[in-house]
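J.:
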Amino acid sequence: MRKIPLCIPYVGQEEKDAVNEVIDSGWYAHGPKNREFEEGFADYLGVKHAFSMNSCTSAIHLSVEGLGITGEVILPSFTFVASANAVITGGARPVFADIEYETCNIDPASIERLITPETEAIMPVHFGGQSADMTSIMEIAAKHNLLVIEDSAETIGGEHQGQLTGTFGVGCFSFYPTKNITTGEGGMLTTNDDQLAHKVKALLGHGIDKTTYEREDKEKSWFRSASRIGYNFRLSNILAAIGVEQLKKLELMNEKRRSLAALLTLGLSEIPEITPPYVKSENKHVYQMYTVRVNQNLDRDQFVRNLNKKGIGASVHFYPPVHHMAPYQGDIYRKDGLEITEKVIREIVTLPMYPGMADDDIHYMVQSIKEVLSEFK
Ligand SMILES: Cc1ncc(COP(=O)(O)O)c(C=O)c1O
């Protein structure tokens with residue numbers, strides 16, 4: 308039987324050579340490859356500062372803490388739990404907004420309804436490779452004087468009105484293996500704000516302002532005094548070397564994802580029980596995930612299990628939504644007004660999507676979906 312996992316990282320000889328080179332160099336911890344990765348990432352986005360770190364979760368945490376946010380942050384409940392967790396560990400309180408039905412991205416109208424004197428920031432999550440409605444979100448932020456943090460973990464290279472996600476506010480990106488580029492584990496925080504950059508740089512390395520490689524050629528390289536209480540959120544030089552190579556392939560990988568997605572959408576368009584992803588005309592979708600909806604009268608879970616039996620690594624993102632989870636049951640967390648979220652979580656299915664997929668895999672998936680649906684009848 309054919310096996311099509313949910314994702315296979317697109318990693319080749321270039322990454323292996325780069326890792327070997329770093330191993331031979333003897334510099335394993337945070338080092339010169341981090342700087343190269345950060346400069347490349349900042350250049351790609353056209354922003355002033357980029358900081359590599361161990362995860363996107365850490366990037367969100369440091370955005371919140373670095374910006375000094377202690378009040379409410381509005382974000383969707385329809386996201387990976389890390390989005391909300393990191394708002395809390397960063398020192399603020401998540402307030403859950405509803406999503407737009409078609410894109411599964413945060414609904415600007417829902418954001419507006421939730422703004423209170425306690426609101427300090429909006430955190431859209433660019434779901435699965437497609438930008439949230441950043442035009443409306445930036446207008447709301449400007450009108451109410453709110454900060455914007457973008458959880459762009461699932462979108463590297465996606466655009467809204469020709470502008471890359473993560474460049475509207477503070478950008479937080481993930482390099483987990485299923486993402487548009489990977490370092491195994493890893494993340495990046497991007498910003499044009501010099502003051503935030505200064506804080507983040509120190510916070511991610513024990514509160515010390517200068518990194519080891521910056522101190523190396525100084526007269527007293529051993530001088531490492533902390534200017535604030537910090538963390539160890541650093542990414543190793545070995546993983547940063549993988550990131551440097553992955554970044555070079557980002558456009559190629561995203562184009563592969565986009566053409567495979569177009570082929571899949573074409574195949575699925577003949578199947579009335581399945582609704583392919585909706586892409587807004589002002590967005591460039593980079594398909595970190597390919598999510599479809601199944602008709603509500605079908606048993607979604609059984610549909611996923613039956614695809615799994617055919618070797619297709621279908622899954623569900625996201626179930627449950629954050630506001631259903633045990634740590635978020637306290638009265639301080641909002642659970643009402645999330646009707647679209649409640650509907651979407653019962654219909655959504657993630658199909659495998661990765662740059663190394665063959666056209667034949669797509670045809671096999673479409674055929675298998677037809678077979679699974681006919682078994683339901
Ligand atoms: C929307 C979203 N935010 C945050 C994260 C956390 O990223 P990381 O695993 O790099 O901490 C993830 C993903 O895995 C995610 O999907």
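With the numbering used here applied, the sequence shown covers 308 to 684. All residues carry an ideal CB built from backbone N, CA and C; glycine is no exception. None of the values given here were measured: they were computed from a predicted structure.
Scan the region 317-365 and note each continuous beta strand (DSSP E) run of 3 residues or more that stays entirely inside, going in chain order.
T.: Counting whole runs of 3 or more residues, the region 317-365 contains the beta strand (DSSP E) stretches 356-360.
J.: What runs of the alpha helix (DSSP H), each 4 residues or longer, lie entirely inside the region 601-676?
T.: Segments of the alpha helix (DSSP H) lying fully in the region 601-676: 607-616, 646-654.
J.: Cβ of E457 versus every heavy atom of ligand 1: is any distance shorter than 7 Å?
T.: For ligand 1, not one heavy atom lies less than 7 Å from the Cβ of E457.
J.: Does DSSP classify P585 as helix, strand or coil?
T.: As written in the sequence, residue 585 is Tyr, which differs from the Pro given in the question. Coil at Y585, not helix or strand.
J.: At the level of alpha carbons, what is the spacing between S390 and E678?
T.: About 37 Å.
J.: Please tell me whether, using a cut-off of 7 Å, the distance from the CB of C363 to the nearest non-hydrogen atom of ligand 1 is below it.
T.: True, at least one ligand heavy atom lies under 7 Å from that Cβ.
J.: Could you pull the start and end residues of the alpha helix (DSSP H) that D501 belongs to?
T.: From DSSP, the alpha helix (DSSP H) with D501 extends over 501-510.
J.: Can you list, in chain order, the residues of its chain whose CB lies under 6 Å from that of K617, leaving out five sequence neighbours each side?
T.: Correct list, in chain order: S675.
J.: So what does DSSP say about N487, is it helix, strand or coil?
T.: Looking at N487 - three-state DSSP - the assignment turns out to be coil, as it is neither helix nor strand.
J.: Using a threshold of 7 Å, is the CB atom of V477 nearer than that to any non-hydrogen atom of ligand 1?
T.: No, the beta carbon of V477 sits no closer than 7 Å to any heavy atom of ligand 1.
J.: Quick test of the definition: if touching needs 3 or more C-beta pairs under 8 Å, does the region 461-470 touch the region 367-383?
T.: Cβ pair count under 8 Å is below three, so no.
J.: What's the C-alpha gap between A568 and V326?
T.: The alpha-carbon atoms of A568 and V326 are separated by roughly 31 Å.
J.: For the putative contact between G476 and E457, defined by C-beta atoms under 8 Å, what is the C-beta separation to the nearest angstrom?
T.: Indeed they touch by this definition, with Cβ atoms about 5 Å apart.
J.: What do you reckon, are the CB atoms on F387 and T497 nearer than 8 Å?
T.: Cβ atoms of F387 and T497: not closer than 8 Å.
J.: Closest by CA to T410, which one among C314, N590, K340?
T.: Here the closest residue by C-alpha is N590.
J.: When the Cα of V455 is compared with those of P316, G514, I447, which residue comes out closest?
T.: Cα-wise, what sits closest to V455 is I447.
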